[in-house]
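Have a look at the structure below, then the notes.
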Amino acid sequence: MIHRKTDDIDHNLIKRIRKGSIDAMEKIVSRYEKAIYNFGLKMCGQTQDAEDVAQDTFLSALKSIHGFREETKLKNWLFRIAANACLRKRRKRRYEPDKRLSLDELFDDGFEKRFEIPDWSTNPDKELLRSEIRSTIDKAIQDLPPDYRMVLTLRDIEGFNTEETAEIIGISQQLVKTRLHRARFKLRKVVSDRFNEKGIYAE
Amino acid sequence: MQNRCREYFEYVSEFIDGELNDSICKKIQKHLDECPECQECLDSLKRTINLCKNISKGPISHECHKRIMEKLREYLDA
Numbered sequence: 018m019i020h021r022k023t024d025d026i027d028h029n030l031i032k033r034i035r036k037g038s039i040d041a042m043e044k045i046v047s048r049y050e051k052a053i054y055n056f057g058l059k060m061c062g063q064t065q066d067a068e069d070v071a072q073d074t075f076l077s078a079l080k081s082i083h084g085f086r087e088e089t090k091l092k093n094w095l096f097r098i099a100a101n102a103c104l105r106k107r108r109k110r111r112y113e114p115d116k117r118l119s120l121d122e123l124f125d126d127g128f129e130k131r132f133e134i135p136d137w138s139t140n141p142d143k144e145l146l147r148s149e150i151r152s153t154i155d156k157a158i159q160d161l162p163p164d165y166r167m168v169l170t171l172r173d174i175e176g177f178n179t180e181e182t183a184e185i186i187g188i189s190q191q192l193v194k195t196r197l198h199r200a201r202f203k204l205r206k207v208v209s210d211r212f213n214e215k216g217i218y219a220e
Numbered sequence: 002m003q004n005r006c007r008e009y010f011e012y013v014s015e016f017i018d019g020e021l022n023d024s025i026c027k028k029i030q031k032h033l034d035e036c037p038e039c040q041e042c043l044d045s046l047k048r049t050i051n052l053c054k055n056i057s058k059g060p061i062s063h064e065c066h067k068r069i070m071e072k073l074r075e076y077l078d079a
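Following this line, the structure appears as structure tokens:
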């Protein structure tokens, strides 16, 4: 007997979809499309690709909903499908090499200077600054090698834990931790460099 | 810089995420209390993570939602 991990709302919607209800499917789409679309946008960098990822994800989900045994949360299952859709997109569109981030290099960078990273909690109400911060961090995430970008997006933006992230991507928890660690340090350096260039400093 | 800095550097993320056992946490905390460089490294990494956590997600357009639903209906009608 598998312990059901889906919440009651999703569980009931899934039951209705299996009986052919398109309205129930639309409710599922409405619940998760924003998260899936934004994940696609982070991973692919373009709105058209993000929309394709969202379409492919929900279509695949609909096709395989009968085989979904609810042993994981619906959101996690959808993200697993979306992660594969992003991977396919990447293979099709362009070759984006999976550069390995060296820990030694990151360590050497790590202590050479003070890192000027704005503190979000002290700058929340300055709209211009917030939008500068947002575009800087977006661009920095975009520049991470794809494997690292995927782990960082799932862990630090979507809020999945290590175990869930490992399950979504299909890699070991240790690899999730390693990639996350390196991605965060790389991001810290890139963000700090850009803020220095732009003259935005932590308060 | 101390040798310990290199040793603990690899654990900083897991330390922030609370994924380490008590014994290693205590060792790292003790080192942080004595090493301002590592403390700054930890603080700036926390601020970086915090920026990621506060990224707002853009809305999905009504047209995009409609196109997703059209695709699903096409499949069901086929």
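Respectively, the protein sequence lines represent chains V and U. For the first sequence, the numbering used here begins at 18 and goes up steadily by one. For the second sequence, the numbering used here begins at 2 and goes up steadily by one. C-beta: ideal position from N, C-alpha, C; glycine also.
Report task. Taking C-beta pairs closer than 9 Å, name the residues in chain U that Phe124 (chain V) reaches, listed in chain order. Result -> For the purposes of this step, residue 124 (chain V) is taken as residue 107 along the first sequence, with counting starting at 1. Chain U residues near Phe124 (chain V): Cys6, Arg7, Phe10, Glu11.
Query raised in the report: If you count every other CB in all the chains shown that lies within 10 Å of the CB of Gly187 (chain V), and 16 or more means buried, which is it?
Result: By one-based count along the first sequence, residue 187 (chain V) stands at place 170. Gly187 (chain V) should be labelled exposed.
Query raised in the report: So, is the C-beta of Ser24 (chain U) closer than 8 Å to a C-beta in chain V?
Result: By one-based count along the second sequence, residue 24 (chain U) stands at place 23. By this cut-off, Ser24 (chain U) is not an interface position.
Query raised in the report: How would you call Ser45 (chain U), buried or exposed, if buried means at least 16 neighbouring beta carbons within 10 angstroms?
Result: As a working mapping, residue 45 (chain U) is identified with position 44 in the second sequence. By the neighbour-count rule (16 or more Cβ atoms within 10 Å), Ser45 (chain U) is buried.
Requested in this report: Return the Cβ separation of Leu146 (chain V) and Leu204 (chain V) in integer angstroms, given the expectation that the two are a contact with Cβ distance under 8 Å.
Outcome: One-based indexing of the first sequence puts residue 146 (chain V) at position 129. One-based indexing of the first sequence puts residue 204 (chain V) at position 187. Not really, about 19 Å apart at Cβ, beyond 8 Å.
Query - Residue from V:Ile53, V:Ser209, V:Val208 whose Cα sits closest to the Cα of Ala71 (chain V) - result: For the purposes of this step, residue 71 (chain V) is taken as residue 54 along the first sequence, with counting starting at 1. Looking at the Cα atoms, V:Ile53 is the closest of the given residues.
Query raised in the report: Roughly how many angstroms separate the alpha carbons of Lys28 (chain U) and Ile56 (chain U), rounded to a whole number?
Result: The residue labelled residue 28 (chain U) in the question sits at position 27 within the second sequence. The residue labelled residue 56 (chain U) in the question sits at position 55 within the second sequence. If you take the alpha carbons of Lys28 (chain U) and Ile56 (chain U), they lie about 33 Å apart.
Query raised in the report: Are the C-beta atoms of Leu33 (chain U) and some chain V residue less than 8 Å apart?
Result: The sequence position of residue 33 (chain U) within the second sequence is 32, counting from 1. No, Leu33 (chain U) does not count as interfacial toward chain V.
**Report entry** chain U contact for Glu220 (chain V) (CB, 8 Å cutoff)
**Finding:** In the first sequence, the residue the question calls residue 220 (chain V) occupies position 203. The predicted model places Glu220 (chain V) with a pLDDT of 46, which falls under 50 and marks its position as unreliable, so this point remains unresolved.
Report task. Check whether the stretch 31-42 of chain U touches the stretch 54-73 of chain U, taking contact to mean three or more Cβ pairs, one atom from each stretch, closer than 8 Å. Result -> no
Query raised in the report: If we call anything under 8 Å between Cβ atoms a contact, is Leu79 (chain V) one with Phe202 (chain V)?
Result: Here residue 79 (chain V) is taken as the residue at index 62 of the first sequence, counted from 1. Here residue 202 (chain V) is taken as the residue at index 185 of the first sequence, counted from 1. For Leu79 (chain V) and Phe202 (chain V), no; Cβs fall outside 8 Å.
Requested in this report: Kindly indicate which three-state DSSP category Phe177 (chain V) falls into: helix, strand or coil?
Outcome: As a first step, residue 177 (chain V) is located in the first sequence; it is residue number 160 there, counting from the start. Here Phe177 (chain V) sits in coil by DSSP.
Query raised in the report: Phe85 (chain V) to Gln65 (chain V), Cα distance in whole Å?
Result: Against the first sequence, residue 85 (chain V) aligns to sequence position 68. Against the first sequence, residue 65 (chain V) aligns to sequence position 48. Cα-Cα distance, rounded: 28 Å.
Query raised in the report: With 16 as the cutoff for other CB atoms within 10 Å, does Lys109 (chain V) come out buried or exposed?
Result: The residue you call residue 109 (chain V) lines up with position 92 of the first sequence. Burial call: exposed.
**Report entry** Nearest residue (CA-CA) to Lys17 (chain V), options V:Asp210, V:Glu175, V:Ile158
**Finding:** The structure shown does not extend to residue 17 (chain V), since chain V is modelled only from 18 through 220, so no value can be given for it.
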